[in-house]
Amino acid sequence: MKHMFLSASLALVVLAPLAQAQESGSLVLTEREPTEVMLLRVSATSRCQQACVVRGAPYSAERVTESVQVLTDGNRIVQRSTEQLYRDTDGRSRVESEWQGKPLVQIQDPIQNMSYRLYPDDKTGLKMAMGQPAPANNTALTAPPPANGVASAAATKVAEQLAPALNRTVTSADGQRIELRSLGTRQMEGLTVEGSLQTTTIPAGKVGNTQPIVWTVESWLSRDLKLTLYSKLTDPRHGERVTRVQYVRRSDPPAYLFSAPADYTVQEIARP
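Residues -21 to -1, 1 to 251 (mature numbering (1 follows the signal peptide of the UniProt record, and there is no 0)) make up the sequence shown, in order.
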């Protein structure tokens, strides 16, 4: 299922010509790298890369995603992935995961305006400019003062203001019924999180279905960290996927995590 979503995303991207390698110290492209370049371009050119930079809310954590799909014969497909997440006070972020069975490090550095994909196995990497730097007056997202795990009066007021917007039902242009509901607040990892539940109903006959199809997304957001700590997608067509963030540490990670090591060979790719 994860590969299905990835393939759909890649289908929307047209790979522009690769940047010319420098005459000295050039990196010979391997078969895997056209795809890697494409993925880096998707990441570096995302409109959210600079606009969604979160400053003033450093943390380190682990993110676990588990998906379960039950087939018609009763067989089950279970997949699990783990990522290590880091973000510093300046809004730089790092994600350690796996790609095609090998370790992968992704870094977003709004200070240097650069996006990286690093491959620890062979100490190589790719980098690309992220786009327009965030304005000097810092219009990027700034996290509110930490609540130290206690629901402050301000946080409670925000939740009350959001409740009317969440507790409503809308109908999309294609006839899907979308119900939004607030789940209130609770504690996760020592943080106050706000929950929401989105229930989407596809009418009978819309996609050849004899009965309505109902799928839900439950999510719990920390406004202190501007980070979703838990989400659960339940869809009868694809199964269930749960993502949770755990072992949250609210301190600045070491600065070296947000740059390529000196002994890596990193090729810069031109923006499309």
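Ideal Cβ positions, reconstructed from N, Cα and C, are used throughout, including at glycine. Since we're looking at a predicted model, the values are computed, not measured.
Arg147 to Met109, Cα distance in whole Å?
-> Working through the sequence shown from its first residue, we reach residue 147 at position 168. Working through the sequence shown from its first residue, we reach residue 109 at position 130. The straight-line gap from Cα to Cα measures roughly 37 Å.
Looking at C-beta atoms only, is the number of pairs between the segment 219 to 233 and the segment 87 to 105 that lie closer than 8 Å three or more?
-> Two segments are said to touch when three or more pairs of C-beta atoms, one from each, lie closer than 8 Å; by this definition the segment 219 to 233 does not touch the segment 87 to 105.
Ordered along the chain, which non-local residues of its own chain (more than five positions away) have a Cβ less than 7 Å from that of Met167?
-> Taking the first residue of the sequence shown as position 1, residue 167 is located at position 188. So the list reads Trp199, Leu208, Tyr209, once near-sequence residues are dropped.
Check whether the Cβ of Arg71 lies closer than 7 Å to any heavy atom of the ligand GTP, and answer yes or no.
-> The ligand content of the structure shown is nil, which means the ligand GTP is not present either.
Does the Cβ of Gln246 have 16 or more other Cβ atoms within 10 Å, making it buried, or fewer, making it exposed?
-> Taking the first residue of the sequence shown as position 1, residue 246 is located at position 267. Answer is buried; the Cβ neighbour count reaches 16.
Pick helix, strand or coil for Leu236, following the three-state DSSP scheme.
-> Taking the sequence shown and counting its residues from 1, one reaches residue 236 at position 257. Helix, per DSSP.
Going by the CB atoms, is the gap between Arg34 and Gly70 shorter than 8 Å?
-> As a working note, residue 70 is residue 91 in the sequence shown. As a working note, residue 34 is residue 55 in the sequence shown. Against a cut-off of 8 Å, the Cβ pair of Arg34 and Gly70 comes out as a contact.
Would you kindly work out how many angstroms separate the C-alpha atoms of Asn54 and Pro215, rounded to a whole number?
-> On the sequence shown, position 75 is the one that residue 54 refers to. On the sequence shown, position 236 is the one that residue 215 refers to. Distance between the alpha carbons of Asn54 and Pro215 is about 15 Å.
Starting from Gly104, trace the beta strand (DSSP E) both ways and give me its first and last residue.
-> Reading the sequence shown from its first residue, position 125 is the one you call residue 104. First-last of the beta strand (DSSP E) with Gly104: 103 to 108.
Beta-carbon contacts of Val57 that lie in its chain and below 6 Å, excluding the five residues immediately before and after | Indexing the sequence shown from 1 puts residue 57 at position 78. Excluding sequence neighbours, Val57 sits near Val47.
Pro240, buried or exposed, once every other Cβ within 10 Å from all chains shown has been counted against 16 = Walking along the sequence shown from the start, residue 240 turns up at place 261. Pro240 is exposed by the Cβ-count criterion.
Ignore the nearest five residues each way along the sequence and tell me which others in Tyr235's own chain have a CB closer than 7 Å to its CB.
-> On the sequence shown, position 256 is the one that residue 235 refers to. The answer is none, since no qualifying residue turns up.
Which of the three DSSP states, helix, strand or coil, is assigned to Leu83?
-> Numbered from its first residue, the sequence shown carries residue 83 at position 104. Leu83: strand per DSSP, three-state reduction.
Validate contact between the segment 162 to 176 and the segment 184 to 194 using beta carbons, cut 8 Å, 3 pairs = No, the segment 162 to 176 is not in contact with the segment 184 to 194.
Which one of Ala152, Gln79, Gly218, Val224 has the shortest CA to CA distance from Gln63?
-> Numbered from its first residue, the sequence shown carries residue 63 at position 84. Cα-wise, what sits closest to Gln63 is Val224.
Considering only C-alpha positions, which residue in the set Gly184, Gly163, Lys106 is nearest to Asp153?
-> Along the sequence shown, read from residue 1 onward, the residue named residue 153 stands at position 174. Considering only alpha carbons, the answer is Gly184.
With a 10 Å radius around its C-beta and 16 neighbouring C-beta atoms as the bar for buried, classify Ile157 as buried or exposed.
-> Here residue 157 corresponds to residue number 178 of the sequence shown, with the count starting at 1. By the Cβ-count criterion, Ile157 is exposed, with fewer than 16 other Cβ atoms from all chains shown falling within 10 Å of its own Cβ.
Beta-carbon separation of Ala40 and Asp203 under 8 Å?
-> On the sequence shown, residue 40 is found 61 positions in, with the first residue counted as 1. On the sequence shown, residue 203 is found 224 positions in, with the first residue counted as 1. Taking 8 Å as the Cβ cut-off, Ala40 and Asp203 do not qualify as a contacting pair.
Taking Cβ to Cβ, would you say Tyr43 is nearer than 8 Å to Gly218?
-> Numbered from 1 along the sequence shown, position 64 holds the residue referred to as residue 43. Numbered from 1 along the sequence shown, position 239 holds the residue referred to as residue 218. Checking the sequence, you will find Val at residue 43 rather than Tyr. No, the Cβ-Cβ distance between Val43 and Gly218 is not below 8 Å.
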